[in-house]
Amino acid sequence: MKKIQKGFTLIELMIVVAIVGILAAVALPAYQNYSNKAKFSEVIAAAGPVRQAIDICYAAQGAIASCDTAADIGYTLADAAGGQYVTSVAITDTTGVVTVTSSVTAANPTVTFTPAASGGGLAWTIACSDTSLC
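Heads up, the sequence shown stops at 152 in the numbering used here, and the numbers go up one at a time, no gaps.
Shown next, in the form of structure tokens:
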């Protein structure tokens, strides 16, 4: 009598394991990059209240140099740096540039928001030290 074999052969199982390994090798770096971008969005959002306070100060004072310190804008920068991935928030004197430093990666990437007068208000330009995150 002939026996019917059921199940997978060793070769078939090894092929499946190899395919899963290749998919994992491709997906893991993409997932890590996506995860870092998601963390960095917290860093960008941390500058929002500071930028808004500078906008309000600029509308009242009419000069960026009058709105370049935490005391001028009436906002505590330590409050903005309260996020999990936000290391510090700083405003540059005389220019009003807002710089946010993060701990998303070991390189501590920063994002810089530069104000420019535009039609009675401020237009903000964003620049990141690690362009893969922005």
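Don't be surprised by glycine CBs; every beta carbon is placed ideally from N, CA and C. Values in this document were obtained by computation on a predicted structure and should not be read as measured data.
Asked                                                                                                                                                       : Found
To test your reading of the DSSP string, which unbroken beta strand (DSSP E) runs of 3 or more residues are found completely within the segment 103 to 147? : 104 to 109, 116 to 120, 128 to 136 and 139 to 146
Where does the unbroken alpha helix (DSSP H) through residue 55 begin, and where does it stop?                                                              : 28 to 64
Would you tell me roughly how many angstroms separate the C-alpha atoms of residue 65 and residue 98, rounded to the nearest one?                           : 7 Å
Which stretch, first to last residue, makes up the alpha helix (DSSP H) that contains residue 151?                                                          : Careful: residue 151 lies outside any alpha helix (DSSP H) and carries neither H nor E.
At what residues does the alpha helix (DSSP H) containing residue 86 begin and finish?                                                                      : That residue, residue 86, is in no alpha helix (DSSP H); it is neither H nor E in DSSP.
Please report how far the alpha carbon of residue 130 lies from the alpha carbon of residue 122, in whole angstroms.                                        : 15 Å
With a threshold of 8 Å, are at least 3 pairs of Cβ atoms found where one atom belongs to the segment 77 to 89 and the other to the segment 108 to 119?     : yes
From residue 26 to residue 50, what distance separates their C-alpha atoms?                                                                                 : 34 Å
Give the straight-line distance between the Cα atoms of residue 115 and residue 42, rounded to the nearest whole angstrom.                                  : 42 Å
Is the beta carbon of residue 141 closer than 7 Å to that of residue 134?                                                                                   : yes
Would residue 202 and residue 127 be called neighbours here (beta carbons separated by less than 7 Å)?                                                      : This structure gives no information on residue 202, because the portion of the chain shown stretches from 19 to 152.
Assign residue 44 to buried or exposed, taking buried as 16 or more other Cβ atoms, counted over all protein chains shown, within 10 Å of its Cβ.           : exposed
Please state if the CB of residue 71 and the CB of residue 91 are separated by a distance shorter than 7 Å.                                                 : yes
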